[in-house]
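Trainee:
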Amino acid sequence: MTSNDPGTSAQNSQPTTRRVRLTTIVWGILLIAVGGGAIAVALGAHIDAQLGLIALLGLTGVLLVGVSLVRTLRSRPQHDPPPSIHPH
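The numbering of the sequence shown is this note's numbering, which starts it at 1 and goes up by one.
(1) Give the straight-line distance between the Cα atoms of G35 and T60, rounded to the nearest whole angstrom.
(2) Once you ignore the five residues that flank I25 on each side, which residues in its own chain have a CB closer than 7 Å to its CB?
(3) Identify the continuous alpha helix (DSSP H) that holds G36 and give its terminal residues.
(4) According to DSSP, is R18 helix, strand or coil?
(5) How far does the alpha helix (DSSP H) with I54 in it reach, from first residue to last?
(6) L57 to T17, Cα distance in whole Å?
(7) Taking T23 as the reference, which of R71, L64, S75 has the closest Cα?
(8) Since V41 contacts I32 with CB under 8 Å, what's their CB separation in whole angstroms?
Structure below.
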(Lines of atoms letter the chains of each structure in order from A; the text may use other names.)
(Lines give C-alpha, C1' and ligand atoms only; values in the text may rest on other atoms or scores of the structure.)
Protein backbone atom coordinates (compact mmCIF):
# COMPACT_ATOMS: atom_id res chain seq x y z
CA MET A 1 0.00 0.00 0.00
CA THR A 2 1.15 3.53 -0.65
CA SER A 3 0.75 6.55 1.57
CA ASN A 4 -1.81 7.96 -0.88
CA ASP A 5 -4.06 4.94 -0.37
CA PRO A 6 -7.21 6.03 1.53
CA GLY A 7 -7.20 2.77 3.52
CA THR A 8 -4.04 3.77 5.38
CA SER A 9 -5.13 7.14 6.71
CA ALA A 10 -5.83 7.61 10.40
CA GLN A 11 -9.16 9.23 9.62
CA ASN A 12 -10.64 6.02 8.25
CA SER A 13 -9.78 4.03 11.38
CA GLN A 14 -11.89 6.15 13.70
CA PRO A 15 -15.65 6.48 13.20
CA THR A 16 -16.90 10.03 13.10
CA THR A 17 -19.97 11.05 15.03
CA ARG A 18 -22.17 13.79 13.69
CA ARG A 19 -24.54 15.73 15.87
CA VAL A 20 -28.00 16.57 14.67
CA ARG A 21 -28.32 20.27 13.96
CA LEU A 22 -30.83 22.28 15.95
CA THR A 23 -32.23 23.81 12.78
CA THR A 24 -32.92 20.34 11.37
CA ILE A 25 -34.93 19.42 14.45
CA VAL A 26 -36.91 22.68 14.41
CA TRP A 27 -37.68 22.49 10.69
CA GLY A 28 -38.69 18.85 11.02
CA ILE A 29 -41.14 19.58 13.81
CA LEU A 30 -42.54 22.60 11.95
CA LEU A 31 -43.11 20.52 8.83
CA ILE A 32 -44.77 17.76 10.86
CA ALA A 33 -47.08 20.31 12.50
CA VAL A 34 -47.99 22.00 9.21
CA GLY A 35 -48.48 18.64 7.51
CA GLY A 36 -50.65 17.43 10.38
CA GLY A 37 -52.74 20.59 10.12
CA ALA A 38 -53.14 20.13 6.38
CA ILE A 39 -54.25 16.53 6.88
CA ALA A 40 -56.72 17.60 9.58
CA VAL A 41 -58.22 20.26 7.29
CA ALA A 42 -58.43 17.72 4.45
CA LEU A 43 -60.34 15.39 6.78
CA GLY A 44 -62.85 18.13 7.56
CA ALA A 45 -61.51 19.76 10.73
CA HIS A 46 -61.92 23.51 11.12
CA ILE A 47 -58.71 25.17 12.32
CA ASP A 48 -58.45 28.84 13.24
CA ALA A 49 -55.46 30.08 11.23
CA GLN A 50 -54.43 32.82 13.69
CA LEU A 51 -54.59 30.51 16.68
CA GLY A 52 -52.73 27.82 14.76
CA LEU A 53 -49.91 30.19 13.84
CA ILE A 54 -49.66 31.45 17.43
CA ALA A 55 -49.45 27.88 18.69
CA LEU A 56 -46.85 27.00 16.06
CA LEU A 57 -44.68 30.00 16.98
CA GLY A 58 -45.02 29.18 20.67
CA LEU A 59 -44.04 25.56 20.08
CA THR A 60 -41.04 26.66 18.01
CA GLY A 61 -39.87 29.05 20.74
CA VAL A 62 -40.20 26.46 23.49
CA LEU A 63 -38.39 23.93 21.34
CA LEU A 64 -35.51 26.30 20.57
CA VAL A 65 -35.02 27.25 24.21
CA GLY A 66 -35.38 23.67 25.43
CA VAL A 67 -32.89 22.16 22.99
CA SER A 68 -30.42 24.99 23.65
CA LEU A 69 -30.63 24.40 27.40
CA VAL A 70 -30.12 20.66 27.01
CA ARG A 71 -27.10 21.17 24.76
CA THR A 72 -25.64 23.73 27.15
CA LEU A 73 -26.03 21.43 30.13
CA ARG A 74 -24.52 18.48 28.25
CA SER A 75 -21.52 20.44 26.99
CA ARG A 76 -20.46 21.66 30.44
CA PRO A 77 -17.28 20.00 31.63
CA GLN A 78 -17.83 17.52 34.40
CA HIS A 79 -16.06 18.43 37.61
CA ASP A 80 -13.65 15.94 39.09
CA PRO A 81 -14.56 14.70 42.57
CA PRO A 82 -12.71 16.47 45.38
CA PRO A 83 -9.48 14.77 46.42
CA SER A 84 -9.75 12.41 49.34
CA ILE A 85 -8.00 13.35 52.57
CA HIS A 86 -7.36 9.69 53.32
CA PRO A 87 -4.36 8.07 51.62
CA HIS A 88 -5.08 4.98 49.54
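All residues carry an ideal CB built from backbone N, CA and C; glycine is no exception.
Quantities reported herein were computed from a predicted structural model and do not represent experimental measurements.
Mentor: Taking the definition as stated:
(1) What you label residue 35 is simply residue 35 of the sequence shown in a count that begins at 1. What you label residue 60 is simply residue 60 of the sequence shown in a count that begins at 1. If you draw a straight line from the Cα of G35 to the Cα of T60, it is about 15 Å long.
(2) As a position in the sequence shown, residue 25 is number 25, starting the count at 1. Residues of the same chain with a CB within less than 7 Å of the CB of I25, apart from the 5 flanking positions on each side, are V67 in chain order.
(3) The sequence position of residue 36 within the sequence shown is 36, counting from 1. If you look at G36, you'll find it in the alpha helix (DSSP H) that goes 22-42.
(4) Looking up residue 18 in the sequence shown gives position 18. If DSSP states are grouped into helix, strand and coil, R18 belongs with coil.
(5) Within the sequence shown, residue 54 is the residue found at index 54, counting from 1. I54 -> alpha helix (DSSP H) spans 49-75.
(6) Taking the first residue of the sequence shown as position 1, residue 57 is located at position 57. Taking the first residue of the sequence shown as position 1, residue 17 is located at position 17. Distance between the alpha carbons of L57 and T17 is about 31 Å.
(7) As a position in the sequence shown, residue 23 is number 23, starting the count at 1. For the set R71, L64, S75, the Cα lying nearest the Cα of T23 is the one of L64.
(8) Position 41 of the sequence shown holds residue 41. Position 32 of the sequence shown holds residue 32. Contact flag wrong, Cβ pair sits at about 15 Å.
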